[in-house]
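Chemist: Residue numbers (the working numbering), protein chains in the order written: chain A, 1 to 93; chain B, 1001 to 1310.
All C-beta atoms, glycine included, are put in the ideal place defined by N, C-alpha and C.
Predicted model only: the values in this text are computed from it and were never measured.
This structure is in structure tokens; I'll ask about it shortly.
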């Protein structure tokens, strides 16, 4: 099983089309690093992206430098995965 | 392995093996109304299974429901399982279900992407695509919701095999998609198609590949509105609704566009809840409430399909 310790899901609220395209650019800037759980669609919809722990600093700096407001939707993915796995094991017992 | 569906936990997530065992048990225990059909094999040669709900007749008009085309969207498989049990439990009791099944069949494909789903349990919980690989291509997997013929390769799908929305080398190149296309085309009398995804609380209809409205836009809008209202009344979950391209984003080569262009007027795509906190990692405690609310929307669509033959 891949481990996602320290990976976070950031929820970004793009104000306009320009900011949305800055987010789309990320897929090219960081190929196979940023995993859009909710892709850049329209300013009224949040963009959720999973960022590996190793890329967090860069990505947050990129967002902040472009004035992209974000919040941390999931602080550590592995914590939720461990809880999910434990719940499955418990149910199976 | 589970010996009967009564000991199966409908409020937990399950592995592919557990789900396939449940399908066997379910079809055995409800053989008067449910049966198991294999419609093909996945890229890694796993069976692709469909549950058929029928009270008789032949070539009846039918409703198609699929879940799990994106492997990591575990809430969709769990909702499909719960819904299957609801259908058999409600037949003979609930007016809508009884009327629907007395005149139509229902086909439900619970694990539309078995290879990807197995991979989320074995290696990568956040895997989305199938597991196909081709000589000379470094990355694995095709996004099965970009591999359909309608609008194939257009905006909102990606030509790079490493992208999460890679559309594949050609329309229906993926066995998981080709199996559904072949089955629905051969059946020839599917009147509604409901493809269930997660997440973001949306109920959408074609088109995704273009901003052009479909010719039945008004009826689909009104039906989606009623379905979303019925869903909201269960647990207060607010959905937005509309065509895919105007509600979410342009996406090409998707299931519901192909279905609509193939003559299935009532084609809908759900994006189930995450309550804004969990994304694909929705806790199992939310399986039942999610399935309960989704059921009311599905029933609304089924009843409309029954009452508006075409």
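Kindly indicate which residue of 1265(B), 1229(B), 1197(B) has the alpha-carbon position closest to the one of residue 1220(B).
Modeler: It is 1265(B) whose Cα lies nearest to the Cα of residue 1220(B).
Chemist: Let's see if you can read the secondary structure: which residues bound the beta strand (DSSP E) around residue 8(A)?
Modeler: Taken as a continuous stretch (DSSP letters only), the beta strand (DSSP E) holding residue 8(A) covers 8 to 13.
Chemist: Please classify residue 1256(B): does DSSP put it in a helix, a strand, or coil?
Modeler: Three-state DSSP puts residue 1256(B) in a helix.
Chemist: Measure the Cβ-Cβ separation of residue 1269(B) and residue 1197(B) and say whether it is below 8 Å.
Modeler: Yes, the pair counts as a contact, with Cβ atoms nearer than the cut-off.
Chemist: For residue 5(A), which residues of its own chain have a beta-carbon under 6 Å away from its beta-carbon, when the five flanking residues on both sides are left out?
Modeler: Within the same chain, residue 5(A) has close Cβ partners 78.
Chemist: Can you pull the DSSP bridge partners for residue 1158(B)?
Modeler: In the DSSP output, where bridge partners are listed per residue, residue 1158(B) has 1166(B).
Chemist: Touch check for the stretch 1061 to 1073 of chain B and the stretch 1184 to 1203 of chain B: three-plus C-beta pairs under 8 Å?
Modeler: Output reads yes: the stretch 1184 to 1203 of chain B touches the stretch 1061 to 1073 of chain B.
Chemist: Once DSSP output is grouped into helix, strand and coil, what is the label at residue 1269(B)?
Modeler: Correct three-state label for residue 1269(B): strand.
Chemist: Verify the CB distance criterion: does residue 1020(B) have a CB-CB separation below 8 Å to chain A?
Modeler: With 8 Å as the cut-off, residue 1020(B) does not count as an interface residue toward chain A.
Chemist: Where residue 1288(B) and residue 1203(B) are concerned, what is the direct C-alpha to C-alpha distance, given to the nearest angstrom?
Modeler: The straight-line gap from Cα to Cα measures roughly 19 Å.
Chemist: Mind checking residue 92(A): buried by the 16 CB within 10 Å criterion, or exposed?
Modeler: By the neighbour-count rule (16 or more Cβ atoms within 10 Å), residue 92(A) is not buried but exposed.
Chemist: Count the other CB atoms within 10 Å of the CB of residue 24(A); is the residue buried (16 or more) or exposed (fewer)?
Modeler: Exposed.
Chemist: How many whole angstroms separate the CB atoms of residue 1016(B) and residue 1111(B), which I take to be in contact at a CB cut-off of 8 Å?
Modeler: With a Cβ gap of about 6 Å, residue 1016(B) and residue 1111(B) count as contacting.
Chemist: What's the call for residue 1257(B), buried or exposed, on a 16-neighbour Cβ count within 10 Å?
Modeler: With 16 or more other Cβ atoms within 10 Å, it is buried.
Chemist: Less than 8 Å between the C-beta atoms of residue 11(A) and residue 52(A), yes or no?
Modeler: Not in contact: residue 11(A) and residue 52(A) (Cβ atoms no closer than 8 Å).
Chemist: Have a look at residue 1076(B) and residue 14(A) and give me their C-alpha separation to the nearest angstrom.
Modeler: If you take the alpha carbons of residue 1076(B) and residue 14(A), they lie about 28 Å apart.
Chemist: Below 8 Å CB to CB, which residues in the same chain sit around residue 17(A) once its five sequence neighbours on both sides are set aside?
Modeler: Around residue 17(A): 43.
Chemist: Between the C-alpha atoms of residue 1209(B) and residue 1004(B), what's the straight-line distance to the nearest angstrom?
Modeler: If you take the alpha carbons of residue 1209(B) and residue 1004(B), they lie about 43 Å apart.
Chemist: Closest to residue 1148(B) by C-alpha separation, out of 1261(B), 1023(B), 1297(B), would be which residue?
Modeler: Residue 1261(B) is the option with its Cα nearest to residue 1148(B).
Chemist: Going along chain A in order, which residues have a C-beta closer than 9 Å to the C-beta of residue 995(B)?
Modeler: Outside the shown range of chain B, which is 1001 to 1310, sits residue 995(B), and nothing can be said about it.
Chemist: If I follow the unbroken alpha helix (DSSP H) through residue 1111(B), where does it start and stop?
Modeler: It is not in any alpha helix (DSSP H) - residue 1111(B) carries neither H nor E in the DSSP assignment.
Chemist: I'd like to know if residue 35(A) contacts chain B, where contact means its C-beta is closer than 8 Å to some C-beta of that chain.
Modeler: Yes, residue 35(A) counts as interfacial toward chain B.
Chemist: Indicate whether at least one CB of chain A lies closer than 8 Å to the CB of residue 1159(B).
Modeler: No, because no Cβ of chain A sits closer than 8 Å to the Cβ of residue 1159(B).
Chemist: Residues of the stretch 57 to 85 of chain A in Cβ contact with chain B at a cutoff of 8 Å, in chain order, please.
Modeler: Per Cβ criterion, the list reads 73, 74, 77, 80, 81, 83, 84.
Chemist: Report the option in 1142(B), 1172(B), 1150(B), 1307(B) whose CA atom is closest to the CA atom of residue 1158(B).
Modeler: The option with the nearest alpha carbon to residue 1158(B) is 1142(B).
Chemist: Let me check understanding here. Comparing Cα to Cα, which of 1171(B), 1223(B), 1226(B), 1040(B) lies closest to residue 1151(B)?
Modeler: Nearest of 1171(B), 1223(B), 1226(B), 1040(B) to residue 1151(B), Cα basis: 1171(B).
Chemist: Does residue 8(A) have its Cβ less than 8 Å from a Cβ in chain B?
Modeler: Cβ-Cβ to chain B under 8 Å: no for residue 8(A).
Chemist: To be precise: take each residue of the stretch 17 to 31 of chain A, compare its Cβ to all Cβ atoms of chain B, and keep it if any distance is under 9 Å. Which residues remain?
Modeler: If the cut-off is 9 Å between Cβ atoms, the stretch 17 to 31 of chain A has 27, 31 near chain B.
Chemist: Taking one C-beta from the stretch 1080 to 1100 of chain B and one from the stretch 1030 to 1037 of chain B each time, how about it: are there three or more such pairs within less than 8 Å?
Modeler: They touch, by the three-pair rule.
Chemist: From which residue to which residue does the beta strand (DSSP E) around residue 1142(B) run?
Modeler: Looking at the DSSP string, residue 1142(B) is not in any beta strand (DSSP E), and its letter there is neither H nor E.
Chemist: Can you tell which of 1123(B), 1042(B), 1201(B) has its C-alpha closest to the C-alpha of residue 1114(B)?
Modeler: Among 1123(B), 1042(B), 1201(B), the Cα nearest to that of residue 1114(B) is on 1042(B).
Chemist: Indicate whether residue 1167(B) and residue 1134(B) have their beta-carbon atoms separated by less than 8 Å.
Modeler: The answer is no: Cβ separation not under 8 Å.
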